[in-house]
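Sequential numbering from 10 applies to the sequence shown in this note's numbering. Presented below is the structure to which this report refers.
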Amino acid sequence: MKRISWFKKGWNGRSRAISTVLGTVFLTLVIFAISTNVFIWTLSRNADYTLAVKEENQKTADRLNEYVIASGTNYSVLEAEEKVRIKVTLKNAGSLAVQLINIWVFDTTQQTYANKPVNVSLNPGQVMSYSLIVGLSASNTSDFIAWFVTARGNTVPLQTEEGVIIAELSQGIGSISMDFKTIRRYIVDGDDMLGSPAFNFTIPADEETVFGISLTNLDRSKLDINLTSHSCVWLMPPGTAASEYWPIAKIVDGLVIRDGFEFQVLEYGKPTLLYFGPQDPPNSLQGKINAVNVLLYGRIGPNDYGQNIPFAAVYVEK
Numbered sequence: 010m011k012r013i014s015w016f017k018k019g020w021n022g023r024s025r026a027i028s029t030v031l032g033t034v035f036l037t038l039v040i041f042a043i044s045t046n047v048f049i050w051t052l053s054r055n056a057d058y059t060l061a062v063k064e065e066n067q068k069t070a071d072r073l074n075e076y077v078i079a080s081g082t083n084y085s086v087l088e089a090e091e092k093v094r095i096k097v098t099l100k101n102a103g104s105l106a107v108q109l110i111n112i113w114v115f116d117t118t119q120q121t122y123a124n125k126p127v128n129v130s131l132n133p134g135q136v137m138s139y140s141l142i143v144g145l146s147a148s149n150t151s152d153f154i155a156w157f158v159t160a161r162g163n164t165v166p167l168q169t170e171e172g173v174i175i176a177e178l179s180q181g182i183g184s185i186s187m188d189f190k191t192i193r194r195y196i197v198d199g200d201d202m203l204g205s206p207a208f209n210f211t212i213p214a215d216e217e218t219v220f221g222i223s224l225t226n227l228d229r230s231k232l233d234i235n236l237t238s239h240s241c242v243w244l245m246p247p248g249t250a251a252s253e254y255w256p257i258a259k260i261v262d263g264l265v266i267r268d269g270f271e272f273q274v275l276e277y278g279k280p281t282l283l284y285f286g287p288q289d290p291p292n293s294l295q296g297k298i299n300a301v302n303v304l305l306y307g308r309i310g311p312n313d314y315g316q317n318i319p320f321a322a323v324y325v326e327k
């Protein structure tokens, strides 16, 4: 009996020792498994982070390496349709293919804007002429700025001719330039109201008309030019002594003010629509092509200023 009692005591002591060892081993295995999983999860997250950073750095590098030049931009207003036509030359001067996905157009004169989705792909070194129409209510005297947006998020400003080059060129013929494409004429009704503008170079013979001409002051002094009532549009057919002139006029809300013209200010760099008339073409001009001379007289600062812009012609109907 004493031996059995001793054996039980010895075995109970050993079993407790074995349980402690097994518990320690199991706990160690659990801790090792958890630590291993945490380590593997950490490595995986680090790998994902490294890959994300690498991809983002590559996107940033690609975005910085995009280089598209949009030059020679021309804006024309389709007034009847309330749209603006844009023509531009695109050149991909970078090393990556570029996709243009949107264009924004801002009318700085009327403070209005519009945008339109586009889909233009440019390979490295590719040059192309591109034309599109954007819905925007504007006038022929409006100034515009525009820019493309690329798929990578860059903006590409549309560049026009440098103003300093135009200003230097204008010094050879005068400080005021004329936009020939926007010459228009109006028919005046019995209430001295202007009708709709006609953008052509034909003048009706039996109607009282008014000329609309867009002029821009490009004088190097950047001073305003004040035009006086001596300014006019002068028509003269070749091979004859006949001629007729349309005096500079004041128009208020489409109404012709026949008396009391004082002066017209041309601000530097701002296209301004001027009106000349009304006048009935005399018989001596009818059925003939006529040279159009825009005779301008006024002041730049304290000094007198005069200029003749002779580079247009109109046909007066019979």
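Cβ atoms here follow ideal geometry from the backbone N, Cα and C, with glycine treated the same way. Computed from a predicted structure; not experimentally measured.
Item	Value
Given this structure, state the Cα-to-Cα distance separating G263 from A70, to the nearest angstrom.	56 Å
Three Cβ pairs or more, each shorter than 8 Å: is that satisfied between the stretch 266–281 and the stretch 229–241?	yes
Indicate the three-state DSSP secondary structure (helix, strand or coil) for I174 in the structure shown.	Because the pLDDT at I174 is just 42, under 50, the model does not fix this residue reliably, and the value given afterwards should be weighed accordingly. Three-state DSSP puts I174 in a helix.
Looking only at its chain, what residues have a beta carbon closer than 8 Å to the beta carbon of N111, apart from the 5 residues adjacent to it on each side?	N124, K125, P126, V127, F157 and V158
Please list, in chain order, all residues of the same chain as P290 whose beta carbon is under 7 Å from its beta carbon, the five residues on each side excluded.	I212, A214, E253 and V325
So is A79 buried or exposed if we call it buried at 16+ other beta carbons inside 10 Å?	buried
Can you grab the Cα-Cα spacing for the pair E75 / A160, in whole Å?	10 Å
Helix or strand or just coil, what does DSSP make of R72?	helix
Can you name the start and end residues of the beta strand (DSSP E) that T164 belongs to?	T164 to P166
Give a yes or no on whether the C-beta atoms belonging to V86 and S140 are separated by under 8 Å.	no
By Cβ distance, which residues of its chain are closer than 7 Å to L60, with the 5 residues on each side in sequence left out?	none
By Cβ distance, which residues of its chain are closer than 7 Å to T169, with the 5 residues on each side in sequence left out?	T82
What would DSSP say about Q180, mapped onto helix, strand or coil?	Low local confidence applies: a pLDDT of 48 at Q180 is under 50, so the model's placement there is unreliable, with the coordinate-based value given in what follows. Residue state, collapsed to three classes: coil.
Using the C-alpha atoms, what's the distance from I318 back to A300?	11 Å
Nearest-angstrom Cα distance between Y195 and G286?	10 Å
Around the C-beta of D268, are 16 or more other C-beta atoms found within 10 angstroms, so that it is buried, or is it exposed?	exposed
Hey, which unbroken runs of the beta strand (DSSP E) at 3 residues or more fall wholly within the stretch 69–155?	77–87, 92–101, 107–116, 121–131 and 136–144
Would you kindly check if the distance between the Cβ of Q273 and the Cβ of L236 is under 8 Å?	yes
Pull up the DSSP beta-bridge partners for G307, would you.	L236 and Y314
Beta-carbon within less than 7 Å of V107's beta-carbon, same chain only, minus the 5 sequence neighbours each way: which residues are those?	E75, V77, N101, L131 and T159
Helix, strand or coil for A250 per DSSP?	coil
If you pair each beta-carbon of the stretch 183–195 with each one of the stretch 216–230, do three or more pairs fall below 8 Å?	yes
What residue range does the beta strand (DSSP E) around M187 cover?	I185 to M187
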